[in-house]
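Written out below as structure tokens is the structure these notes cover.
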Amino acid sequence: MNKHQIAHILEEMADLLEISGENPFKVRAYQNAARSIDSLSEDLEELIQNNQLIEVKGIGKNIAAHVQDLLETDTFPEYEKLKKTIPAGLLECLKIPGMGAKKAKLLWKKLGVTSIEEVERACQEGKVESLQGFGKKSQEKIFQSIERSRKYEGRHLFPTVHEVAKHLLSDLRQISGVLRAELAGSLRRHTETVKDIDIVVSSASIPNVIKVFLQLPQIDQVTNKGTTKVSVILHRGINVDVRFVSEKEFPSAWHHFTGSKAHNVALRSRAKDRDMKISEYGLFHMKGKRAVPVPCKDEEVLYKKLGLDFIPPELREEMGEIEAAEKHELPVLIERADLKGCLHVHTTYSDGRGTLEEMALAAKACGLSYIGISDHSKAAHYAGGMQIADVRRQSAEIDELNAKLKGIRILKGIEVDILADGSLDYDDDVLASFEFVIASIHSRFSLSESEMTKRICTALAHPLVNILAHPTGRLLLSREPYQVNIPEVIACAAEYGKVIELNCNPRRFEIDWRWGPLMKEKGVKTVLSPDAHGPEQIANVDYGIGIGRKAWFEKKDVVNCLTVAQLLKHFSR
DNA sequence: GCCGTTTTCGGCCCGACTGTTTTCAGTCG
Ligand SMILES: Nc1nc2c(ncn2[C@H]2C[C@H](O)[C@@H](COP(=O)(O)OP(=O)(O)OP(=O)(O)O)O2)c(=O)[nH]1
Ligand SMILES: [Mg+2]
Ligand SMILES: [Mg+2]
Ligand SMILES: [Zn+2]
323 MNKHQIAHIL EEMADLLEIS GENPFKVRAY QNAARSIDSL SEDLEELIQN NQLIEVKGIG
383 KNIAAHVQDL LETDTFPEYE KLKKTIPAGL LECLKIPGMG AKKAKLLWKK LGVTSIEEVE
443 RACQEGKVES LQGFGKKSQE KIFQSIERSR KYEGRHLFPT VHEVAKHLLS DLRQISGVLR
503 AELAGSLRRH TETVKDIDIV VSSASIPNVI KVFLQLPQID QVTNKGTTKV SVILHRGINV
563 DVRFVSEKEF PSAWHHFTGS KAHNVALRSR AKDRDMKISE YGLFHMKGKR AVPVPCKDEE
623 VLYKKLGLDF IPPELREEMG EIEAAEKHEL PVLIERADLK GCLHVHTTYS DGRGTLEEMA
683 LAAKACGLSY IGISDHSKAA HYAGGMQIAD VRRQSAEIDE LNAKLKGIRI LKGIEVDILA
743 DGSLDYDDDV LASFEFVIAS IHSRFSLSES EMTKRICTAL AHPLVNILAH PTGRLLLSRE
803 PYQVNIPEVI ACAAEYGKVI ELNCNPRRFE IDWRWGPLMK EKGVKTVLSP DAHGPEQIAN
863 VDYGIGIGRK AWFEKKDVVN CLTVAQLLKH FSR
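Given below as structure tokens:
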């Protein structure tokens, strides 16, 4: 069982405890522990072996024992016991928006329903409205909520939502009476996938602005509407939360709505320790029961009043950023302007849509001064992998283009398949003809974790390999990562001085940003790669920057911030 | 269940919205 599966069981345990009526803080303890395990940037088994699991924040003696049980036996006694008393289908019901543990339990106890379908039927048959605490309206609301969540549930890729959000934001800014409107939530924090669009708006005439906003043509339905916030669903099937505040409240509201939740909670408890209070309305000094406002003209001041350096939104995940801000040890995060070139680009020589020249010009248009071409190798039939003769032809064409083109240097590279045994898809003499070699896996995904790890480490040990690309093969929202021990791969990359890619294709966005701090600790560098299969995809790096920042990467950690001469030297070529 | 140089007990972020209630519980962000 891997840590994500373990985190999932702990989440489930929290739900079971909540339904069973346990102390809410105990429920939260399990939720916190799940979050900690999920975002752990160390190897779980190693932590357990060294008895260091209880040192992880949010994990104490009890949950540590459960985690060890889960790792060894895929379950733990308390979990089994609770599962026997609560039907599995009831947990699914908690996914219905508006349906929490209390309501689900009541429906189960009074009506015997144990699945979403049964809740739906109970609503249709009018059995819900007569229950204590329910009524006609809430019955109808539950029914609607089920229908809606079937249609609109789930997360989205970042760029899809970001495009929609930008348009919505500019429409909002044109509404008369709107002073400021900004993106918040996971979009502002640049998470790899997002659930909804969160926006904060300031205005002196909120009721009117809300009225006009709700008339925007892209809105399909309104799901919530109060005096300070509204929730809608767009025709595109994307949920939107908008919070309306006064201009004075804007900084704290923006901060609140940016999150993450865990970051907010940690910061608020820090404020409390200092006799202060944070809410979306501002920072306050507590004088007994009285809350005296502490004016904060922007987020920087807010952090400062709490004794912290400004924390960039991408880092606000409660993953060590508050401790670092206190010690003035936050990284100076990479910015788009730091990128001097890009590697990992496909052309018509394999499965790309752009010619060499088109891709080179696209990179130049993005302000880059070099572009590293890396088409697929011969084993990649699925992607028109290059035969040796193709490699020769491409090399000659690159020479011609480099003589002809100004302001962009084309580097000769390859994305060579790592075969099942860890060997590479070309002989060394062919590999030696490139200026850089990217190695990656495109076949035989279902090896065991140890086999896969060994396979990758064998490839990394090859002296001609420079970069490991997309190290888990995940496709966000569609394909699970293959099993591989990332801490071992990072250790191996450190040993051989190899680079691990941050693939900026929005469906990949990996190596996962959560491993960034471990890579930095081990001295492993990364490269922000577009993995472009067409000229417009060079711009993938624009979105990748946000993920790179989430990974705590600085300019010095990213090899395509080097000049072409420095880069080739880094690769010893 | 977790946590702690103010504490090993007694806290655990804080507020909006909805529908039900007759003053608030449940759910969510
Ligand atoms: N203080 C506090 N803030 C919260 C809480 N829940 C959510 N928030 C704030 C921080 C979140 O980033 C923000 C938006 O909530 P969302 O549910 O949309 O989550 P977020 O955008 O972070 O991620 P997601 O939408 O899932 O991609 O609201 C909470 O329980 N307490
Ligand atoms: Mg959100
Ligand atoms: Mg939201
Ligand atoms: Zn690839």
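Under my numbering, the first residue of the first sequence is numbered 323, with each subsequent residue one higher. The C-beta atom is built at its ideal place from N, Cα and C for all residues, glycine as well. Just so we're clear, the structure is a prediction, and the values are computed from it rather than from any experiment.
Helix, strand or coil at residue i [DSSP, three-state]
i: Ser601; result: strand
i: His703; result: helix
i: Thr550; result: coil
i: Met841; result: helix
i: Arg612; result: strand
i: Asp620; result: coil
i: Val531; result: helix
i: Asn724; result: helix
i: Leu366; result: helix
i: Gln374; result: coil
i: Gly735; result: strand
i: Gln543; result: strand
i: Ser672; result: coil
Length of the line joining the Cα atoms of residue i and residue j
i: Thr580; j: Ser574; result: 10 Å
i: Asp743; j: Lys820; result: 19 Å
i: Asp391; j: Asn345; result: 23 Å
i: Gln888; j: Lys583; result: 41 Å
i: Val623; j: Glu504; result: 19 Å
i: Lys551; j: Arg495; result: 16 Å
i: His668; j: Ala705; result: 10 Å
i: Val806; j: Met708; result: 28 Å
i: Lys847; j: Lys570; result: 43 Å
i: Leu556; j: Lys872; result: 28 Å
i: Gly411; j: Ile359; result: 25 Å
i: Ala336; j: Glu643; result: 26 Å
i: His489; j: Gly870; result: 25 Å
i: Glu469; j: Ile385; result: 37 Å
i: Cys688; j: Ile408; result: 56 Å
i: Ile808; j: Thr775; result: 8 Å
i: Cys415; j: Leu338; result: 12 Å
i: Glu651; j: Trp874; result: 11 Å
i: Ile328; j: Thr395; result: 11 Å
i: Leu605; j: Gly548; result: 24 Å
i: Asp673; j: Met598; result: 58 Å
i: Ala356; j: Gly380; result: 9 Å
i: Val880; j: Trp576; result: 30 Å
i: Asn827; j: Lys627; result: 39 Å
i: Ser851; j: Leu369; result: 32 Å
Residue i, buried or exposed, once every other Cβ within 10 Å from all chains shown has been counted against 16
i: Pro617; result: exposed
i: Gly866; result: buried
i: Pro634; result: buried
i: Leu786; result: buried
i: Ala659; result: exposed
i: Phe632; result: exposed
i: Gln859; result: buried
i: Tyr818; result: exposed
i: Asn530; result: exposed
i: Val441; result: buried
i: Ala685; result: buried
i: Phe456; result: buried
i: Gln353; result: buried
i: Asp697; result: buried
Sequence-distant residues of the same chain with beta carbon closer than 8 Å to residue i, five excluded per side
i: Leu723; result: Leu678, Glu679, Ala682, Ile732
i: Thr361; result: Contrary to the premise, residue 361 reads as Ser rather than Thr in this sequence. Result list for Ser361: Glu639, Met641, Arg836, in chain order.
i: Met421; result: Cys415, Val441, Ile464, Ser467
i: Ser691; result: Lys662, Gly663, Gly729, Ile730, Arg731, Thr885, Val886
Cβ-based neighbour list, residue i, same chain, cut-off 7 Å, excluding 5 preceding and 5 following
i: Ile740; result: Leu746, Ala761, Ser762, Ile763, Arg777, Ile778, Ala781
i: Leu799; result: Arg477, Leu479, Thr515
i: Val544; result: Leu536, Val552, Val554
i: Leu884; result: Lys662, His892
i: Tyr603; result: Glu571, Ser574
i: Pro803; result: Thr794, Gly795, Arg796
Cut-off 6 Å between Cβ atoms - residues of its own chain near residue i, not counting five sequence neighbours on either side
i: Gln461; result: Cys445, Val450, Glu451
i: Gln716; result: Tyr671
i: Lys517; result: Arg477
i: Ser601; result: none
i: Ser524; result: Leu501, Arg502, Val567, Glu569, Phe572
- Message: Can you tell me which residues fall inside 6 Å of ligand 3, judged by beta-carbon distance to its nearest heavy atom, and keep chain order?
- Response: By the rule of a C-beta closer than 6 Å to any heavy atom of ligand 3, the residues picked out are Gly507, Asp518, Asp520, Asp563.
- Task: Name all residues in chain order for which at least one heavy atom of ligand 4 lies closer than 7 Å to the residue's CB.
- Result: Checking every Cβ against the heavy atoms of ligand 4 under 7 Å gives Glu737, Ser762, His764, Ala791, His792, Asp853.
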